[in-house]
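Just so we're aligned: the sequence shown equals residues 1 to 140 in our numbering.
Ideal Cβ placement from N, Cα and C applies to all residues, glycine included.
Computed from a predicted model, the values in this text were never measured in an experiment.
Below is one structure; the comments refer to it alone.
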Amino acid sequence: MQNFKHKFPIQLRFKDIDKMGHVNNANYLTYIELARVKYFEDVVGTDKKWSQQVGIILARIEIDYKAPVFLHDTIFVYTGCSRIGNKSLTLDWAIVREKSGGEEIVAQGNAVLVCYDYAHEKTIAIPEEQRNALEQFEKN
Numbered sequence: 001m002q003n004f005k006h007k008f009p010i011q012l013r014f015k016d017i018d019k020m021g022h023v024n025n026a027n028y029l030t031y032i033e034l035a036r037v038k039y040f041e042d043v044v045g046t047d048k049k050w051s052q053q054v055g056i057i058l059a060r061i062e063i064d065y066k067a068p069v070f071l072h073d074t075i076f077v078y079t080g081c082s083r084i085g086n087k088s089l090t091l092d093w094a095i096v097r098e099k100s101g102g103e104e105i106v107a108q109g110n111a112v113l114v115c116y117d118y119a120h121e122k123t124i125a126i127p128e129e130q131r132n133a134l135e136q137f138e139k140n
């Protein structure tokens, strides 16, 4: 996945499997969330002020399902930031399954996240420090 710089492994659990024998579609949101949280930890850090007073909240998410995932598959979530606006940003992501000779995309999409001030209960501009960290990570 050449366009992505962040890769996060997902440990599939027996409880993720539905009656049809594959991962239930709702679990993909959990996998994306886990990868998104790790992306922000790795890229902008875990500054207490950033995570408890000012943070990023999910405004919109889009998923295109491409193929089923089964319990013994090895999957990863790739994440990248494709747009940084004044108060919001867009993360693109892809869930892939390891296959002999490479990887297969099983789901992909994007999410719009908004910077939010929890103390004042309103959206705010993305702080310069976090904006710079995101831009630097995606540029390199």
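- The beta carbons of D117 and I124 sit closer together than 8 Å.
- In this structure Y78 is not in contact with N25, their Cβ atoms being roughly 19 Å apart against a cut-off of 8 Å.
- A buried status is given to R97, since no fewer than 16 other beta-carbon atoms sit within 10 Å of its beta-carbon.
- A straight-line Cα-Cα distance of about 27 Å links K7 and Q53.
- When secondary structure is reduced to three states using DSSP, E121 falls in the coil class, being assigned neither helix nor strand.
- Checking the DSSP bridge columns, you'll see I57 partnered with V114.
- Per DSSP, reduced to three states, the secondary structure at D73 is coil, with no helix or strand assignment.
- CA-to-CA, the gap between A111 and S100 works out to about 30 Å.
- The straight-line gap separating the alpha-carbon atoms of I63 and R36 is approximately 14 Å.
- Residue pairing of V37 in beta bridges, as defined by DSSP: absent, with no partner found.
- For L29 and G109, the gap between their C-alpha atoms comes out near 11 Å.
- When DSSP states are grouped into helix, strand and coil, F14 belongs to the helix group.
- Membership of A133 in the alpha helix (DSSP H) is indicated by the continuous run E128 to K139.
- Under the DSSP assignment, K99 falls in the beta strand (DSSP E) whose first and last residues are S88 to K99.
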